[in-house]
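In my numbering, the protein residues as written are 8 to 223.
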């Protein structure tokens with residue numbers, strides 16, 4: 008399973024640049040998440056910055072809906088041209104279907120789920136909806152804590168709707184299939200605090216940095 012996951016993710020990373028259309032908007036939020044669920048009733052706050060084709064400052068709230076399912080609500084500001092930051096919202100959910108623990112011989116956590124994002128730029132709005140798969144490898148550190156390299160692939164429908172002039176009629180919008188890849192690492196320092204860093208390749212290419220804090 009581990010070799011299959013690595014081969015899949017490496018293969019996707021290699022072919023993604025040729026598949027990804029040049030006009031893709033991409034995510035303002037990045038992934039900043041491993042495949043590991045946080046557990047029912049638990050909650051995390053995440054604050055992050057995206058240093059990509061568009062600069063973003065965002066926050067997540069992640070909540071455990073069940074033992075292996077959790078969801079996130081995302082809010083932030085994104086600036087695509089260095090002149091005017093816009094408000095953006097998003098959400099995703101994850102279902103962990105393979106778990107690394109003492110009762111199994113799995114070496115990779117795997118999860119799947121859905122995602123959506125919306126942002127309204129001057130003259131156009133962008134709505135994205137799709138699915139994703141995430142894999143991560145938890146590594147216990149001798150000094151305490153845990154290091155988890157992770158990767159996510161996603162396929163999404165990206166709809167761009169242009170604002171029409173006053174009194175104009177018709178539908179000036181375009182919907183197309185886009186692909187994305189995120190690869191990074193999460194360092195869980197203790198039971199409450201984690202640091203994350205990743206690279207995103209999905210049309211909004213660049214570095215994303217985040218900090219997770221357990222609040223529930």
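Built from N, CA and C at the ideal position, the CB exists for glycine as well.
Going by DSSP, name the residue or residues bridged to residue 99. Taking the chain shown and counting its residues from 1, one reaches residue 99 at position 92. Residue pairing from DSSP places residue 99 in a beta bridge opposite 79, 122.
Taking only the alpha-carbon atoms, compute the straight-line gap between residue 132 and residue 30 and give it to the nearest angstrom. Your numbering for residue 132 matches position 125 in the chain shown. Your numbering for residue 30 matches position 23 in the chain shown. Using only the alpha carbons, I get a separation of about 14 Å.
Given residue 51 as reference, the closest of 183, 81, 64 once Cα atoms are compared: Position 44 of the chain shown, counted from the first residue, corresponds to residue 51. Per the Cα distances, 81.
Checking contacts by CB at 8 Å: is residue 96 closer than that to chain D? No chain D is part of this structure, which consists of one protein chain only.
Is residue 141 helix, strand or coil by DSSP? Translated into positions along the chain shown, residue 141 becomes position 134. DSSP places residue 141 in strand when its eight states are reduced to three.
Are residue 43 and residue 116 closer than 8 Å when you measure CB to CB? Position 36 of the chain shown, counting from 1, holds the residue named residue 43. Position 109 of the chain shown, counting from 1, holds the residue named residue 116. Yes, Cβ-Cβ distance for residue 43 and residue 116 is below 8 Å.
Would you give the residue range spanned by the beta strand (DSSP E) that residue 160 belongs to? As a first step, residue 160 is located in the chain shown; it is residue number 153 there, counting from the start. Note, residue 160: beta strand (DSSP E), 153-169.
Own chain partners of residue 54 with C-beta closer than 6 Å, once the 5 adjacent residues on each side are dropped: Translated into positions along the chain shown, residue 54 becomes position 47. For residue 54, where only same-chain residues beyond five positions count, the Cβ hits under 6 Å are 66, 218.
How is residue 215 classed by DSSP in three states: helix, strand or coil? In the chain shown, the residue the question calls residue 215 occupies position 208. Three-state result, residue 215: strand.
Of the residues 111, 72, 123, which one's Cα is nearest the Cα of residue 102? Position 95 of the chain shown, counted from the start, is the residue given in the question as residue 102. Nearest C-alpha to residue 102: 72.
I'd like the ranges of any beta strand (DSSP E) spanning at least 3 consecutive residues and lying wholly in the segment 31-86. 50-59, 62-71, 76-86
Please state whether DSSP places residue 148 in a helix, a strand or coil. Here residue 148 is taken as the residue at index 141 of the chain shown, counted from 1. Coil.
Using the beta-carbon count (16 or more within 10 Å), is residue 222 buried or exposed? Position 215 of the chain shown, counting from 1, holds the residue named residue 222. Within 10 angstroms of the beta-carbon of residue 222 lie fewer than 16 other beta-carbons, which makes it exposed.
Roughly how many angstroms separate the alpha carbons of residue 210 and residue 148, rounded to a whole number? Residue 210 sits at position 203 when you count from the first residue of the chain shown. Residue 148 sits at position 141 when you count from the first residue of the chain shown. Straight-line Cα distance between these residues: approximately 35 Å.
I need the DSSP call for residue 191, collapsed to helix, strand or coil. By 1-based counting over the chain shown, the position of residue 191 is 184. If DSSP states are grouped into helix, strand and coil, residue 191 belongs with the strands.
Among 159, 197, 220, whose alpha-carbon lies nearest the alpha-carbon of residue 208? As a working note, residue 208 is residue 201 in the chain shown. It is 159.
From residue 194 to residue 156, what distance separates their C-alpha atoms? Counting from 1 along the chain shown, the entry for residue 194 is found at position 187. Counting from 1 along the chain shown, the entry for residue 156 is found at position 149. C-alpha separation (whole angstroms): 9 Å.
What span of residues does the beta strand (DSSP E) with residue 199 cover, start to end? On the chain shown, residue 199 is found 192 positions in, with the first residue counted as 1. Segment: none, residue 199 is in no beta strand (DSSP E) and carries neither H nor E.
Can you look up residue 111 in the DSSP assignment and give me helix, strand or coil? Residue mapping note: residue 111 aligns to position 104 of the chain shown, counting from 1. Coil.
Suppose the cutoff is 6 Å on Cβ atoms and the five residues either side in sequence are ignored; what does the same chain contact list for residue 107 look like? Sequence index remark: in the chain shown, residue 107 carries index 100 (1-based). Cβ neighbours of residue 107 beyond the five flanking positions: 113, 116, 145.
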